[in-house]
Amino acid sequence: MRDTTFVDSTLNGSNGSSAHAALLHASPRLLEQYQPESSVYFASPERALLAMPPFASLLVAGMQDLSQQASESLKLARDLGFERPIVVGALPFNTNEKPLLRVSIQSEWEETPVKPQLTAVKAVDAESISAYPAPEHYMAGVKDALTRFARGELDKVVLSRTLEVSCKQRPDVKALLNNLAAKNHHGYTFAVDFPAEDGQSKPATLIGASPELLLSHRGNKIIANPLAGSEPRSSDPQEDRQRAQQLLASQKDRYEHAIVIEAVAEALRPFCRDLDIPEQPELIQTETMWHLSTVIEGELKNTDTSSLELALAMHPTPAVCGFPKAEAQQAIKDIEPHQRGLFTGMVGWCDSAGDGEWVVTIRCAQIQDCAIRLYAGAGVVAGSCPEKELAETGAKFNTMLQAMGVCI
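Sequential numbering from 9 applies to the sequence shown in the working numbering.
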């Protein structure tokens, strides 16, 4: 059983350095240097990245042309003398919506493992919290999905809901990011700003701590780590261990997980000469959830294939959408009353060599002025229980709620 509990905030880094990418050691300086509304922060177990202005350009192409435009923009930056330009940012769940990616020519990286003693501070002064859709409406949506399964329309759909938090004053985004980093050593912590919407005074921020690696690319090696099948954790150690073993033995959750693994493998096979897929999933844990996890490793046929191209080929996976994809997307459109936006999209970076990391945008929130919208979803298959799926989404909210210092 692989233990990935988020218990501290070790920050690691990359193997690249240049006049435009300074390497830092033995200090959580990137967190200290992060500036809301201007910089982008992304930390994985192996590296931490801070991209800072000026940003060379905003990529506005549709998803079909995005990988090519990213490669051309990075090549142009290299031709202008910048040693390690990167594309960084977030992509939405809906592939018809605008991606929020920028070319950064000034980035800093941390690679030496450090364990900063970050003290949690109050980041949010919540005034009111409301659920949307309401719990009973969410469970009605799960029942709708079960009816669709019975009619043979699809095999799986992921249904989400939100919490709308109204604050007395604008949340302290930097403090919230520090709180997330303090408990996300083994996962992926991120903060990405994007333009203000009409009527809003400041840019919005996408912030979160995802446990799920969509794709990592280094040289000719790739890794994907889909998660599907989940169970809320218990504060009682014996009950917690029992829940973990029940999840591992659950036919319903194993079936849900198998759907995701096959879809991910199918997306990656055309790009790989070798693809190693374990026969059985393993258990991983966060502070709030148990997950079924499979680490898929591959060797690329062509090293010119970029991490962004691969991630786009996979997105959205059944872990956040469903299966078959088109039918699941239609069910989500019919059932969910809200727009997902960047939730269940992907966030990360890609350099001019094609190396990069992209994670699934979950355990996250969008901050806009004095409002915070939290997102959580659960995979629904035949045999799912509406009450249990509601409880699962409630447990997934806790990653952000705990970092915010909010109890509900």
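Glycine included, each C-beta is placed from N, C-alpha and C at the ideal position. These figures come from a predicted structure and were not determined experimentally.
Tell me whether residue i is buried or exposed, calling it buried when 16 or more other Cβ atoms sit within 10 Å of its Cβ.
| i | result |
| --- | --- |
| S138 | exposed |
| V173 | buried |
| H33 | Low per-residue confidence applies at H33: pLDDT is 33, beneath 50, and the placement is therefore not dependable, though the value from the model is reported in the following sentence. That one is exposed. |
| R110 | buried |
| D244 | exposed |
| A158 | exposed |
| G89 | exposed |
| Y140 | exposed |
| S22 | The predicted position of S22 is uncertain, since its pLDDT is 35 and thus under 50; no value can be drawn from it. |
| K164 | buried |
| R348 | buried |
| I416 | exposed |
| E70 | According to the sequence provided, residue 70 is Gly. The question's Glu does not apply to it. It is exposed - the Cβ of G70 has fewer than 16 other Cβ atoms within 10 Å. |
| E80 | exposed |
| N186 | buried |
| E118 | buried |
Here's a check: name, in chain order, each residue in its chain whose Cβ is nearer than 6 Å to the Cβ of residue i, leaving out the five neighbours to either side.
| i | result |
| --- | --- |
| E365 | S52, S224, G356 |
| L188 | T197, A217, A411 |
| K176 | D133, E135 |
| S26 | Per-residue confidence for S26 stands at a pLDDT of 32, beneath the threshold of 50, marking its modelled position as unreliable; no derived number is given. |
| S46 | P61 |
| L108 | G97, A98, F202 |
| I285 | A273, I304 |
| D152 | I343 |
| M408 | A373, L382 |
Quick test of your reading: residue i and residue j, contact by CB under 8 Å. State the CB separation rounded to the nearest angstrom.
| i | j | result |
| --- | --- | --- |
| V96 | L82 | With a Cβ gap of about 11 Å, V96 and L82 do not count as contacting. |
| A232 | A327 | Not quite, the Cβ-Cβ distance comes to about 10 Å (not below 8 Å), so this is no contact. |
| A403 | P234 | Not confirmed; about 19 Å, so no contact. |
| F101 | P394 | Actually they do not touch by this definition, with Cβ atoms about 22 Å apart. |
| L57 | Y42 | Not confirmed; about 11 Å, so no contact. |
| G391 | K130 | At roughly 42 Å, the Cβ-Cβ gap does not stay under 8 Å, so G391 and K130 are not in contact. |
| Y112 | F63 | Note on identity: in this sequence residue 112 is Ser, with Tyr being the wrong assignment. With 8 Å as the limit, S112 and F63 qualify as a contact, their Cβ atoms being about 6 Å apart. |
| L398 | P143 | 6 Å |
| E220 | V48 | E220 to V48, Cβ: 19 Å. No contact. |
Beta-carbon within less than 7 Å of residue i's beta-carbon, same chain only, minus the 5 sequence neighbours each way: which residues are those?
| i | result |
| --- | --- |
| I375 | P179, V181, A212, T213, I215 |
| C358 | A78, I94, V95, S314, S315, L316, G364 |
| K396 | none |
| L162 | R156, G330, F331, P332, E335, A336, A339 |
| R86 | P93, S360 |
| A319 | L222, L223, M354, W366 |
| S242 | D248, R251 |
| I269 | P234, I285, T302 |
| N8 | Past the edges of the chain, shown from 9 to 416, lies residue 8, and the structure says nothing about it. |
Between residue i and chain B, is any beta-carbon pair separated by less than 9 Å?
| i | result |
| --- | --- |
| Q250 | Any reference to chain B falls outside this structure, which holds one protein chain only. |
If I measure Cβ to Cβ from residue i and keep anything under 8 Å in the same chain, skipping five residues before and after, which residues do I get?
| i | result |
| --- | --- |
| K229 | E305, G306, E307, L308 |
| T401 | Y146, S168, R169, A384, G385, A386 |
| C418 | Outside the shown range of the chain (9 to 416) lies residue 418, about which nothing can therefore be said. |
Beta carbon of residue i: closer than 8 Å to some heavy atom of the ligand MN?
| i | result |
| --- | --- |
| E172 | Judged by which ligands are present, the structure shown has none, so any question about the ligand MN falls away. |
Exercise. Would you call the segment 303-318 and the segment 239-259 in contact, with 3 or more CB pairs under 8 Å?
Worked result: no
Exercise. Is the segment 279-298 close to the segment 330-342, with three or more CB pairs under 8 Å?
Worked result: no
Exercise. In the segment 179-244, which residue ranges form an unbroken beta strand (DSSP E) of at least 3 residues, counting only runs that do not cross its ends?
Worked result: As far as the segment 179-244 is concerned, its whole beta strand (DSSP E) runs of at least 3 residues are 196-202, 212-218, 221-226, 229-233, 235-240.
For this session: Kindly confirm or deny that the segment 344-358 and the segment 258-276 touch, where touching means at least three C-beta pairs closer than 8 Å.
Result: No, because fewer than three Cβ pairs between the segment 344-358 and the segment 258-276 fall closer than 8 Å, the two stretches do not touch.
Exercise. Contact between the segment 177-185 and the segment 336-344: three or more CB pairs below 8 Å?
Worked result: no
Exercise. Counting pairs of Cβ atoms below 8 Å between the segment 292-299 and the segment 72-92, do you hit three or more?
Worked result: no
Exercise. At what residue ranges does the segment 30-83 contain a whole run of the beta strand (DSSP E), taking only runs of 3 or more?
Worked result: 48-51, 56-59, 63-67
Exercise. What are the start and end residues of each continuous beta strand (DSSP E) run of 3 or more residues lying completely inside the segment 294-337, in chain order?
Worked result: 297-301, 304-308
Problem set entry | Minimum length 3: unbroken beta strand (DSSP E) runs contained in the segment 330-413 | 354-359, 364-368, 372-376, 379-389
For this session: Tell me, please, whether the segment 147-156 touches the segment 367-382 by the rule of three or more beta-carbon pairs shorter than 8 Å.
Result: no
Exercise. At what residue ranges does the segment 89-119 contain a whole run of the beta strand (DSSP E), taking only runs of 3 or more?
Worked result: Listed in chain order, the complete beta strand (DSSP E) runs (minimum 3 residues) inside the segment 89-119 are 94-99, 108-112, 115-118.
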